[in-house]
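These protein sequences, in sequence, are chains R and D. Take the first sequence: its letters are residues 4 to 189, numbered as in my numbering. Take the second sequence: its letters are residues 477 to 782, numbered as in my numbering. Just so it is clear, CB atoms sit at the ideal spot from N, CA and C, and this is done for glycine as well.
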Amino acid sequence: MEKLNLSSGKKRVYKLRTFLILIFISILPAISFFSVSYQLRLLKISELLRSYPEVFNNLSSTNVDFLESQVNSLILSLKSRENDIKRANEEIKNQLVDVYKDTYFLRVFFNELSKTSNKFFLSGVMYDGQRFYIDYYEYGSVSQLSTETIYNKLNKYYKDFAVSLLDERNFLGDLKYFHYIWEGKK
Amino acid sequence: MGIFKNRIVAYNFNEGQASTLIANYRNKKIRIKSYHQRFVESDPEDLVVVNIPWDIIQTAFLELPPIKKESDRIRVAELELRRIYNLNEDINVSCVPSLFGKNFALFVRRADFMRFLETNGLNVIPDIAYPSILSELLLVKKLPGRWVYVVLGEYTSGVIVMNGTAIMNLRIIDISTNEISHLIKEETGFELSEIENSGNEELIEQSKKILETIASDLFSIISREIVISVNTTELEKILLDVIDGIVLITKSKLIRDTIFIEGSEMVKKFTDPVFLTRLYPQISISELGLIYRGGIELGKVKSIIW
């Protein structure tokens, strides 16, 4: 009996205001989802800003949409700078080695000489910046210079290095002289 | 129907008079917002309930196949009614299951219905149109067994024979409390409801005396109608003896008292109704019933508060 109804029933209508409220309610989850995700993104970015200030100090703007491309280009520019520095470093190193090599053979020569008690006569030294050539005589009963140590020391740095005993003769009594030459290429 | 609140507007049209009851439905509760003794325009979103007078309603007991879905049942009932009455015009049909697989069907010709709305100045089609006497009966708790409900309404009265919740017979009586009220107004200068609400003992005494003079006439009409209604029950042949009781539904305490004093054998069967909600002196039972019916359309109704 409760359900008796003799009306044909009117069509359900909504006023514009109600309709708009309904639409608003239905799109509210989407809006809130996007706004929350945007806020989370901002939160993440501020966290990144705090942990990597050096990166973000180099960014022209903090617009979220262009951030990735900006960071990418920053990475690229940093990489090229790193390469430049590496190359410069390499050059300086090479230069240093080059300069070192200019005098190294002389130092080894004098160092070895000062270790022995024999007398020496340096007959000639030639160095044109690329090749060196040392010609000397050692006076003594035996040659105290070990060609092997010298070879080991200098072969590391010089190409075609050779230390050779050209001549060995009696000079006075048991005194002998030994004619050596060292040569090599830088 | 709004989104957050549901407003129900109930119109009670009687003899050119209109009253509007506006209420909000929320959480199984109906809260009456305002009551007007005139026609008040409704909002397009409101649930509109109107009463519908018995002079345009026709009833029939139909034997329908057991169909569960209400809309299908109504469609079948409509076809059946068209067949029986040879109708071609549009009709609005509603039916409730009754006893023995029969259905108590009510129908109104759409042209009559529209004319009724037009003459009362309602230019929207209401959501619900509910028959007058049944709106009063809606608020009354239906008792198990065979009971006769006598509705003494302000404008229409009727006798409904029921078995539990099933309607077995319905008969309109040609008396109304408004007529009685007019008699009293002529004598005292006040309406019956005004006198009752005022609590003026002198006036009450005066109207009691007037009522006593017409009491026997009134009672004889009512008892005659009860006897006729019981005897003309189509579904089941019953006698007055098997009736468990007679419930008298009237808002006027004075009329009720007048009838209950009568020394007839039948009066012993008379009882007071058990109402499902609280009644308010300003609002008629019919109007409350209409607003209650509107609430049922939206969900359960536990209470009506003002």
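{"Item": "Under 9 Å from the C-beta of L610(D): neighbouring residues of chain R", "Value": "M4 and L7"}
{"Item": "Secondary structure, beta strand (DSSP E): runs of 3+ residues fully inside the stretch 88-136 of chain R", "Value": "122-130"}
{"Item": "Identity of the residue in R20(R), I28(R), Y180(R) and S35(R) nearest S126(R) by Cα", "Value": "Y180(R)"}
{"Item": "Between the CA atoms of I697(D) and R558(D) - distance to the nearest angstrom", "Value": "35 Å"}
{"Item": "Own chain partners of S657(D) with C-beta closer than 6 Å, once the 5 adjacent residues on each side are dropped", "Value": "E667 and L668"}
{"Item": "Cβ distance (whole Å) where N503(D) is taken to contact R483(D) below 8 Å", "Value": "Wrong, their Cβ atoms sit about 14 Å apart, outside the cutoff."}
{"Item": "Proximity below 8 Å, CB of S633(D) to CB of V624(D)", "Value": "no"}
{"Item": "Nearest neighbour of R134(R), chosen from K189(R), S117(R) and R20(R) [CA to CA]", "Value": "K189(R)"}
{"Item": "Buried versus exposed, by CB contacts within 10 Å (16 or more), I737(D)", "Value": "exposed"}
{"Item": "Cut-off 6 Å between Cβ atoms - residues of its own chain near T150(R), not counting five sequence neighbours on either side", "Value": "V166"}
{"Item": "Listed by chain order, chain D residues near S38(R) by CB distance under 7 Å", "Value": "Near S38(R) there are no residues of chain D at all, since even the closest Cβ is about 23 Å away, more than 7 Å."}
{"Item": "Listed by chain order, chain R residues near S705(D) by CB distance under 7 Å", "Value": "Correct list: empty, because the minimum Cβ distance to chain R is about 17 Å."}
{"Item": "Sub-8 Å separation of L157(R) and F108(R) beta-carbons", "Value": "yes"}
{"Item": "Of the listed residues E612(D), V572(D), I498(D) and A494(D), nearest to L523(D) (C-alpha basis)", "Value": "I498(D)"}
{"Item": "Alpha carbon of G143(R) to alpha carbon of L99(R), nearest angstrom", "Value": "38 Å"}
{"Item": "Close beta carbons around W782(D), own chain, < 7 Å, minus the five adjacent residues each side", "Value": "I508 and Y756"}
{"Item": "Listed by chain order, chain R residues near I781(D) by CB distance under 9 Å", "Value": "Those within 9 Å of I781(D) in chain R number zero; the least Cβ separation is about 20 Å."}
{"Item": "V616(D) vs V777(D) beta-carbon contact at 8 Å", "Value": "no"}
{"Item": "Residue interval of the alpha helix (DSSP H) (run including V525(D))", "Value": "Note, V525(D): premise wrong, no alpha helix (DSSP H); beta strand (DSSP E) at L523 to I528."}
{"Item": "Residue nearest to S611(D) in terms of C-alpha spacing, selected from E594(D), I636(D) and G621(D)", "Value": "I636(D)"}
{"Item": "Whole-number beta carbon distance between R551(D) and I567(D), since they are thought to touch under 8 Å", "Value": "Contact doesn't hold; Cβ gap of about 12 Å is too wide."}
{"Item": "Of the residues L766(D), F695(D) and L582(D), the one placed nearest F537(D), counting alpha carbons only", "Value": "L582(D)"}
{"Item": "Beta-bridge partners of G187(R), as assigned by DSSP", "Value": "F135(R)"}
{"Item": "C-alpha distance - V102(R) paired with K96(R), whole-angstrom precision", "Value": "10 Å"}
{"Item": "Range covered by the alpha helix (DSSP H) that runs through F489(D)", "Value": "Unbroken run through F489(D) is the beta strand (DSSP E), N482 to N490; no alpha helix (DSSP H)."}
{"Item": "Burial state of G629(D), where buried means 16 or more other Cβ atoms lie within 10 Å", "Value": "buried"}
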